[in-house]
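Participant: Handing you this structure, nothing more for now.
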């Protein structure tokens, strides 16, 4: 059980860790398009990840008696769809020829998805126990 403040602190740790890892890794990369896409992906994932917790909080405040498992899966599904649209948009409009751009995207996707799955569930447990 974790409150929203505790979850956001953990989110900040993960976001800073991914930022530092990306920064240090990009020091050895000579491709400006890969570097640009990495930072755009980072911004995309941090905003999406942060918004999921606040949307879930809003759902709980609107209907406190609702079981939050369904909305969590819906939010993760919408996140997956948003990522597919993001990648498709990049490929259609900005693709520069190499396929290495997908590596930082999927690495960040994996890290943030694992984090969200674990901590959305912990936050749901906290919300459900706090309404009893």
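Numbering (the working numbering), first residue to last: 1 to 132. Built from N, CA and C at the ideal position, the CB exists for glycine as well. Keep in mind it's a predicted model, so treat the numbers as computed, not measured.
Give me the residue from 61, 64, 53 with the minimum Cα distance to residue 12.
Facilitator: Reading the chain shown from its first residue, position 12 is the one you call residue 12. The shortest C-alpha separation from residue 12 is found at 53.
Participant: State buried or exposed for residue 101, treating a residue as buried only when at least 16 other CB atoms are found within 10 Å of its CB.
Facilitator: Taking the chain shown and counting its residues from 1, the one referred to as residue 101 is at position 101. Classification for residue 101: buried.
Participant: Taking 8 Å as the cut-off, does the region 53 to 67 touch the region 16 to 30 (at least 3 CB pairs, one atom from each stretch)?
Facilitator: no
Participant: Do residue 48 and residue 84 have their C-beta atoms closer together than 8 Å?
Facilitator: One-based indexing of the chain shown puts residue 48 at position 48. One-based indexing of the chain shown puts residue 84 at position 84. Contact flag unset, no.
Participant: Using CA atoms only, rank isn't needed, just tell me which of 65, 94, 117 is closest to residue 129.
Facilitator: The sequence position of residue 129 within the chain shown is 129, counting from 1. Minimum Cα distance to residue 129 is reached at 65.
Participant: Could you give the C-beta distance for residue 123 and residue 2, rounded to a whole number, given that I count them as a contact under 8 Å?
Facilitator: As a position in the chain shown, residue 123 is number 123, starting the count at 1. As a position in the chain shown, residue 2 is number 2, starting the count at 1. Going by Cβ atoms, the distance from residue 123 to residue 2 rounds to 6 Å, so yes, they are a contact pair.
Participant: Counting C-beta neighbours from all protein chains within 10 Å, is the total for residue 30 16 or more, i.e. buried, or is it exposed?
Facilitator: Taking the chain shown and counting its residues from 1, the one referred to as residue 30 is at position 30. Looking at its Cβ environment, which holds fewer than 16 other Cβ atoms inside 10 Å, residue 30 is exposed.
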